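A short write-up of the structure that comes next.
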Amino acid sequence: MMDQIKENASVNGVEVKSGQIKLSSTPQYVTIGAHYKCNSNCVFCLGGEFPDFSLELYKAFFEKKLEGVLNKADHIGFCGFGEILLLPEIMQFLDRINTTLYDSKKVFTTNGIALKPALCDKLSEGNYSILISLHAAEGNLHKFMTGSGHFDLIIKQIKYLKETKEKKNKNLHINLIFLLTTLNLHNLPDFVRLAQEIGADRVTCNYLTVFEPEQLKMSLFFKQDEANKVFCEAQDVADKLQMTLILPPVFGKKSTPVGKPACYDPWNFFYVETQGSVNPCCFAGNHIGYLDKEDFGSIWNGPGYTSLREGLVTGDIHTWCKHCYRYNPDNVNDIRSHITFRPETREKLLRYVQEINASDKR
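Next up, the structure:
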């Protein structure tokens, strides 16, 4: 299978460079929105009801609908709402994808509570990247951010995962996630220190996406100078500790145009949820297709994906991409890049921001 993955990646790279609109390659990164029940109550969560993922659903739907796609993907993510590692048949599921998708990097997101020793041992049997949503370097702040009182347990289990990696499988990758808000910003340098102490491979930071008016006060868009200052401090800490730190674009800085799209998601990313709806990236405002009603090819080279690619190639940017900082890092300086791209919610939030600004000027 590795040969298929490498060949597909090579063809995909050529098609990206040449600005191909219709592709013969398939996505290098496929993410399945593997929704399952959650055992946290995060302050930034958008909430909602979603159908549960299951091993049977994976075999009956995803494997069949994505036949010839999954086995050529370099990365396959299992990232939905809730906690996929709480799945009752998680061990059997891991056994299946270890066998059928052995060479692909399999990416799981988790809050860390479910990382019991037996599960860590199972993860050491395959090629995995574990993204642990921690968001804080100490227990009280972690509890405030996530509604979970399990900080010490999670840290203990991450240390065990690190030990398991060292003993059994150095390909296991541990990535700690820090969602940047006004509530935890100043904890970031200590978070980098903690990551190095417990043996993580990387810290990845993302800005909060606002879904509700009350979340606006948590957005760093309104604390730009403070954010930039803390980013610099955290980067200095990371450099000294030789810890990989991934930060989003800083505020105020103007990027140098590179003459090509900064975002390649329409060429190499495919996200399909448990209910069958498809998104071309993690920020898209609308679904681009429905895998339960269409085949993969009709979506991948259909009007939705091709219009996104064409817009990025020609400069006539699609409305979904126009204000996204993944397309243009300078967009980080625009409030529109920090608000959900879901049309109705976005319109209401932008109207709310305009009303606040008008009120402040009076």
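Sequential numbering from 1 applies to the sequence shown in our numbering.
Here a beta-carbon is modelled for each residue, glycine too, at the ideal position from N, C-alpha and C.
Note that the structure is predicted; figures quoted are calculated from it, not measured.
Residue i in three-state terms, based on DSSP
{"i": "residue 54", "result": "coil"}
{"i": "residue 283", "result": "coil"}
{"i": "residue 175", "result": "strand"}
{"i": "residue 232", "result": "helix"}
{"i": "residue 277", "result": "strand"}
{"i": "residue 134", "result": "coil"}
{"i": "residue 150", "result": "coil"}
{"i": "residue 10", "result": "helix"}
{"i": "residue 141", "result": "helix"}
{"i": "residue 33", "result": "strand"}
{"i": "residue 331", "result": "helix"}
{"i": "residue 323", "result": "coil"}
{"i": "residue 158", "result": "helix"}
{"i": "residue 106", "result": "strand"}
{"i": "residue 297", "result": "helix"}
{"i": "residue 210", "result": "strand"}
{"i": "residue 272", "result": "strand"}
{"i": "residue 362", "result": "Bear in mind that the predicted position of residue 362 carries a pLDDT of just 48, short of 50, making it too unreliable to give a figure here."}
{"i": "residue 352", "result": "helix"}
{"i": "residue 198", "result": "helix"}
{"i": "residue 25", "result": "coil"}
{"i": "residue 78", "result": "strand"}
Neighbourhood of residue i by C-beta distance below 8 angstroms, restricted to the same chain and skipping five residues each side
{"i": "residue 55", "result": "87, 89, 92, 93, 96"}
{"i": "residue 69", "result": "26, 27, 30, 270, 296"}
{"i": "residue 254", "result": "330"}
Own chain partners of residue i with C-beta closer than 7 angstroms, once the 5 adjacent residues on each side are dropped
{"i": "residue 124", "result": "164, 165, 168, 169, 172"}
{"i": "residue 237", "result": "189, 192, 193"}
{"i": "residue 186", "result": "230"}
{"i": "residue 331", "result": "323, 324, 325, 337"}
{"i": "residue 306", "result": "21, 22"}
{"i": "residue 62", "result": "32"}
{"i": "residue 19", "result": "313"}
{"i": "residue 245", "result": "192, 203, 234, 235, 238"}
Contacting residues, own chain, Cβ-Cβ under 6 angstroms from residue i (five flanking each side not counted)
{"i": "residue 158", "result": "198"}
{"i": "residue 126", "result": "98"}
{"i": "residue 176", "result": "132, 134, 195, 200, 203"}
{"i": "residue 339", "result": "210, 346, 349"}
{"i": "residue 142", "result": "136, 151"}
{"i": "residue 263", "result": "326, 327"}
Reference residue i, options the options, closest by Cα
{"i": "residue 366", "options": "161, 232, 210", "result": "Residue 366 is absent from the structure shown; the chain starts at 1 and stops at 362."}
{"i": "residue 82", "options": "102, 50, 180", "result": "50"}
{"i": "residue 248", "options": "353, 320, 224", "result": "224"}
{"i": "residue 178", "options": "145, 101, 75", "result": "145"}
{"i": "residue 108", "options": "102, 121, 316, 84", "result": "84"}
{"i": "residue 268", "options": "38, 8, 43", "result": "8"}
{"i": "residue 46", "options": "354, 208, 315, 58", "result": "208"}
{"i": "residue 39", "options": "329, 181, 112, 319", "result": "112"}
{"i": "residue 12", "options": "266, 341, 228", "result": "266"}
{"i": "residue 37", "options": "110, 138, 226", "result": "110"}
Outcome for residue i when other beta-carbon atoms lying within 10 angstroms are tallied against a minimum of 16
{"i": "residue 203", "result": "buried"}
{"i": "residue 60", "result": "exposed"}
{"i": "residue 350", "result": "exposed"}
{"i": "residue 321", "result": "buried"}
{"i": "residue 274", "result": "buried"}
{"i": "residue 278", "result": "buried"}
{"i": "residue 184", "result": "buried"}
{"i": "residue 205", "result": "buried"}
{"i": "residue 213", "result": "exposed"}
Integer Cβ distance of residue i from residue j, believed to fall under 8 angstroms
{"i": "residue 34", "j": "residue 79", "result": "7 angstroms"}
{"i": "residue 128", "j": "residue 156", "result": "Contact doesn't hold; Cβ gap of about 19 angstroms is too wide."}
{"i": "residue 285", "j": "residue 302", "result": "Wrong, their Cβ atoms sit about 17 angstroms apart, outside the cutoff."}
{"i": "residue 216", "j": "residue 181", "result": "Not quite, the Cβ-Cβ distance comes to about 11 angstroms (not below 8 angstroms), so this is no contact."}
{"i": "residue 251", "j": "residue 333", "result": "6 angstroms"}
{"i": "residue 74", "j": "residue 130", "result": "No, residue 74 and residue 130 are not in contact; Cβ-Cβ is about 17 angstroms, not under 8 angstroms."}
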